[in-house]
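All remarks here apply to the structure that follows.
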Amino acid sequence: AQRVTQPEKLLSVFKGAPVELKCNYSYSGSPELFWYVQYSRQRLQLLLRHISRESIKGFTADLNKGETSFHLKKPFAQEEDSAMYYCALSGQRSNYQLIWGAGTKLIIKP
Amino acid sequence: GAGVSQTPSNKVTEKGKYVELRCDPISGHTALYWYRQSLGQGPEFLIYFQGTGAADDSGLPNDRFFAVRPEGSVSTLKIQRTERGDSAVYLCASSLQGPTGANSYEQYFGPGTRLTVT
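Residue numbers (the numbering used here), protein chains in the order written: chain A, 6 to 115; chain B, -5 to 112.
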């Protein structure tokens, strides 16, 4: 079965500290992984996708097929990073159906 | 430019009533998706449209749920005989086109409709 697991419902770190939001997945083929972010009172928006291998707002995520993980990392957290973060996986039959984790609420303390 | 819009933003209805939720996608986006998000959960796929047709409705939970997109733009999600378990935020997203193309299927989300069934 296809599944995305985000083990932490809540993660709280101090400003300037490193951040790692965990995401593990279960998938039988070649996955497409994404991170979405939802800031307070805003809509869901794409943060980054693994195929782009890009860094957005200082965040990076590497797909580790051996560990079936796609953890989101940032070396120095900023207060504006406080938000809900969702890891998502593209569906087996096509690239459009996203399967989502339950999300992690990230709080950056000043 | 305008993003995806959804109306109403909030809907409170009584158990057993019929509701319609509307989604207006980004102009020119041929693909449209509906998701449902229950409290404390990530979004759950309901249905995907490519143009006017429902390309995949496998996520609709039962036959009380139905969605249309008659002119390939605005979509309406219809729920008959609502139940308390239908209470959730209903999200709509659109993308430029379907699965092919490097960035074509990036999904842009609306603000959601919060449905409460009492």
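Every residue gets a Cβ at the ideal spot worked out from N, C-alpha and C, and that includes glycine. All figures in this text were calculated on a predicted structure; none of them were measured in a lab.
Below-7 Å beta-carbon distance, residue i vs any chain C residue
i, result
"Gln74(B)", "The chain inventory of the structure shown lacks chain C, comprising the protein chains A and B."
Close beta carbons around residue i, own chain, < 8 Å, minus the five adjacent residues each side
i, result
"Ala48(B)", "Ile41, Tyr42, Ala61, Arg63"
"Ala96(B)", "Below a pLDDT of 50, predicted positions are generally treated as unreliable, and Ala96(B), at 49, falls in that range; the measurement from the model is reported next regardless. Once the five neighbours on either side are set aside, Ala96(B) has no close Cβ partner at all."
"Lys14(A)", "Ala107, Gly108, Thr109, Lys110"
"Lys5(B)", "Val13, Leu15, Thr107, Arg108, Leu109, Thr110"
Residues that residue i bridges to, as DSSP identifies them
i, result
"Asn56(B)", "Asn56(B) is not bridged to any residue."
"Val125(B)", "Given a span of -5 to 112 for chain B in the structure shown, any question on residue 125(B) remains unanswerable."
"Arg95(A)", "The amino acid occupying residue 95(A) in the given sequence is Ser; Arg does not appear at that position. Bridge partners of Ser95(A): Leu103(A)."
"Ile113(A)", "Val18(A)"
"Val42(A)", "Gln50(A), Tyr90(A)"
"Arg108(B)", "Asn4(B), Val83(B)"
"Val24(A)", "Lys79(A)"
"Glu38(B)", "Arg30(B)"
"Asp50(B)", "Tyr42(B)"
"Ser89(B)", "Ala25(B)"
"Ser35(A)", "Answer by DSSP bridge pairing: none, since Ser35(A) is not bridged."
"Ala2(A)", "Residue 2(A) is absent from the structure shown; chain A starts at 6 and stops at 115."
"Thr10(A)", "Asn29(A)"
"Ile61(A)", "Phe64(A)"
is_contact[residue i, chain B] using C-beta, thresh 7 Å
i, result
"Ala107(A)", "yes"
"Gln102(A)", "yes"
"Tyr91(A)", "yes"
"Leu15(A)", "no"
Beta-carbon neighbours of residue i, restricted to chain B and to distances below 9 Å
i, result
"Arg48(A)", "Gly(-3), Val(-2), Leu85, Tyr102, Phe103, Gly104, Pro105, Gly106"
Sequence-distant residues of its chain with Cβ nearer than 7 Å to residue i (five each side left out)
i, result
"Ser17(A)", "Ile112, Lys114"
"Lys20(A)", "Ala82, Gln83, Glu84, Ile113, Lys114, Pro115"
"Leu52(A)", "Trp40, Tyr41, Val42, Ile61, Phe64"
"Asn29(A)", "Thr10, Thr73, Ser74"
"Tyr84(B)", "Leu15, Trp28, Arg30, Leu71, Gly106, Thr107, Leu109"
Chain A contact residues for residue i, given Cβ-Cβ distances below 7 Å
i, result
"Phe59(B)", "Per Cβ cutoff of 7 Å: no residues; Phe59(B) is ~16 Å from chain A at best."
"Gly34(B)", "Ala107"
"Ala25(B)", "Tyr101"
Contact list for residue i against chain B, beta-carbon separation under 8 Å
i, result
"Leu26(A)", "Those within 8 Å of Leu26(A) in chain B number zero; the least Cβ separation is about 13 Å."
"Leu53(A)", "The premise fails here: Leu53(A) is roughly 11 Å from chain B at the closest Cβ pair, so nothing lies under 8 Å."
Interface flag, residue i vs chain A, CB-CB below 7 Å
i, result
"Gln116(B)", "Here chain B covers residues -5 to 112 and nothing more, so residue 116(B) does not appear."
"Pro37(B)", "yes"
"Tyr12(B)", "no"
"Gly95(B)", "The pLDDT assigned to Gly95(B) is 49, lower than 50, so where the model puts this residue is not dependable; a value taken from the coordinates is nonetheless given after this. No, Gly95(B) does not count as interfacial toward chain A."
Contact set between residue i and chain A, taken where Cβ atoms lie within less than 9 Å
i, result
"Gly22(B)", "In chain order: nothing, as chain A lies at least about 17 Å away."
Cβ shell of residue i (< 6 Å), same chain only, five flanking positions each side left out
i, result
"Glu8(B)", "Thr112"
"Tyr12(B)", "Gln74"
"Thr70(B)", "Glu14, Arg16, Val62"
"Ala107(A)", "Gln11"
"Phe59(B)", "Ile73"
"Thr1(B)", "Arg16"
Which runs of the beta strand (DSSP E) spanning at least 3 residues fall entirely within the region 1 to 31 of chain B, listed in chain order? Taking only runs of at least 3 residues, the beta strand (DSSP E) segments lying wholly in the region 1 to 31 of chain B are 4 to 7, 13 to 18, 25 to 31.
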